[in-house]
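Novice: Would you mind keeping the following structure in view while I ask a few things?
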Amino acid sequence: MGSRKRLAELTREYVLSSLGVFLTALGLVIFLIPNNIAAGGASGLAIVLNKFLPISVGIWMYIINATLFLTAFLIIGFDFSFKTIYCTFLLNFFIDLFDRVIPMYKYHGSDMILAVFFGDILTAVGMAIAFSQNASTGGTDIIAKILNKFFGAPFGMSILFLDFAIGLSAGLAYNIDTGLYSILAIIVNGTTIDFVMKGLELSTNLWVVSEKADDIKRFVLNELERGVTVFEARGGYTNQSKNVLMIVIKRRELHELTTAIRTIDPKAFFFVNEARQVYGEGFKELV
């Protein structure tokens, strides 16, 4: 039973990661690449290099990511999950497919703000979906890992610095306007990813005090298939010993649980907290 459940979870993770990569590729191919907006990462570096050696962006990304993975493997060892490698090269494949093989609409309008806005919306939503499944799309993440290992550079700051450097490079390769739009795209992209991740990853933490704590615990364990932690407590007013349940669930499961609590014990006392980051069985893996 456990292996089937794990297989279903793994399948779901890969399907959602693939969907996220697909959306990211659409944002790049339709809006960012045609306007040379280098919004960081391997795709941004590929857009800059395409100016000097006109190989397609998709091919450049294959070269860049293969070189980065090989370098990281030689320098810091195999420190990447298969899911990250899968998503990295699936993104390359989609970009090359839509850019060279399958004819697709590309935005060449005069309003670059529209290109930045809609390109960032698609790429940020796609990347947030992939990130929520413990996946990454390589690129500057790999360089940041190397800098972190050898120079102790903060991982997040390293990525931001590298992405801004790519944006500035676009300004030197093309023109100042393109560089400024690239930097704007990097800022909007990062902000949008954070916003979407809050919605995708948000979990809730419930504390429940009830005379029927055992019945609520059985519901959580058997119906929701979530864990429960039981604390022994004493009421400040009654001075009576009671069991308090601590339950962490996904936000989408909250309505089902609160309905069950009201049905099992209408007099139950409970409160709900937002849990931004939850790691462990059934939630985010420590990778």
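Take the position in the sequence shown, starting the count at 1, then add 2; the result is the number in our numbering.
Ideal Cβ placement from N, Cα and C applies to all residues, glycine included.
None of the values given here were measured: they were computed from a predicted structure.
(1) Name the residue from S45, T142, L47, G169 whose alpha carbon lies nearest to the alpha carbon of F157.
(2) Could you give the distance in angstroms between the alpha-carbon of T86 and the alpha-carbon of K244?
(3) In the DSSP assignment, what are the bridge partners of M248?
(4) On a CA-only basis, which of A175, G169, T193, T194 is nearest L182? Give me that one, please.
(5) List the whole-angstrom C-beta distance separating I249 from R228, where the pair is believed to meet the contact cut-off of C-beta under 8 angstroms.
(6) Applying the 10 Å Cβ sphere with the 16-neighbour rule, what's the burial state of T90?
(7) Could you check the C-alpha separation between I189 and W62 for me, to the nearest Å?
(8) Since T206 and I251 are thought to touch, with beta carbons under 8 angstroms apart, how far apart are those beta carbons, to the nearest angstrom?
(9) What are the boundary residues of the alpha helix (DSSP H) that N52 is part of?
(10) Starting from the C-beta of T139, find all residues in its chain whose C-beta is less than 6 angstroms away, skip the five residues before and the five after it, and write them out in chain order.
(11) Could you have a look at N275 and say whether DSSP puts it in helix, strand or coil?
(12) If you drop the 5 nearest sequence neighbours on each side, which residues of the same chain put their C-beta closer than 7 angstroms to that of F197?
(13) Could you give the first and the last residue of the continuous alpha helix (DSSP H) run that contains T240?
(14) Please confirm whether G111 and G29 have their CB atoms less than 8 angstroms apart.
(15) Enumerate in chain order the residues of its own chain whose CB-to-CB distance from L21 is below 8 angstroms, with the five nearest sequence positions on each side excluded.
(16) Could you tell me if S5 is buried or exposed, where buried requires 16 or more neighbouring beta carbons within 10 angstroms of its beta carbon?
(17) Whose C-beta lies closer than 6 angstroms to the C-beta of I144 among residues of the same chain, with five residues either side of it excluded?
(18) Taking I148 as the reference, which of L164, Q135, A137 has the closest Cα?
(19) V50: buried (16+ other C-beta within 10 angstroms of its C-beta) or exposed?
(20) Where does N241 land, buried or exposed, given buried means 16+ other C-beta within 10 angstroms?
(21) Count the other C-beta atoms from every protein chain shown that fall within 10 angstroms of the C-beta of T265, then say buried if there are 16 or more, exposed otherwise.
(22) In terms of residue numbering, what span does the alpha helix (DSSP H) encompassing K108 cover?
(23) Kindly indicate the opening and closing residues of the alpha helix (DSSP H) around G173.
Specialist: Per the coordinate set shown:
(1) T142
(2) 46 angstroms
(3) W209, T231
(4) G169
(5) 6 angstroms
(6) buried
(7) 24 angstroms
(8) 6 angstroms
(9) 43-54
(10) C89, T90, L93
(11) strand
(12) none
(13) From DSSP, T240 is part of no alpha helix (DSSP H); its letter is neither H nor E.
(14) no
(15) G128, I131
(16) exposed
(17) L70, A74
(18) L164
(19) buried
(20) exposed
(21) exposed
(22) Note, K108: premise wrong, no alpha helix (DSSP H); not H, not E.
(23) 157-175
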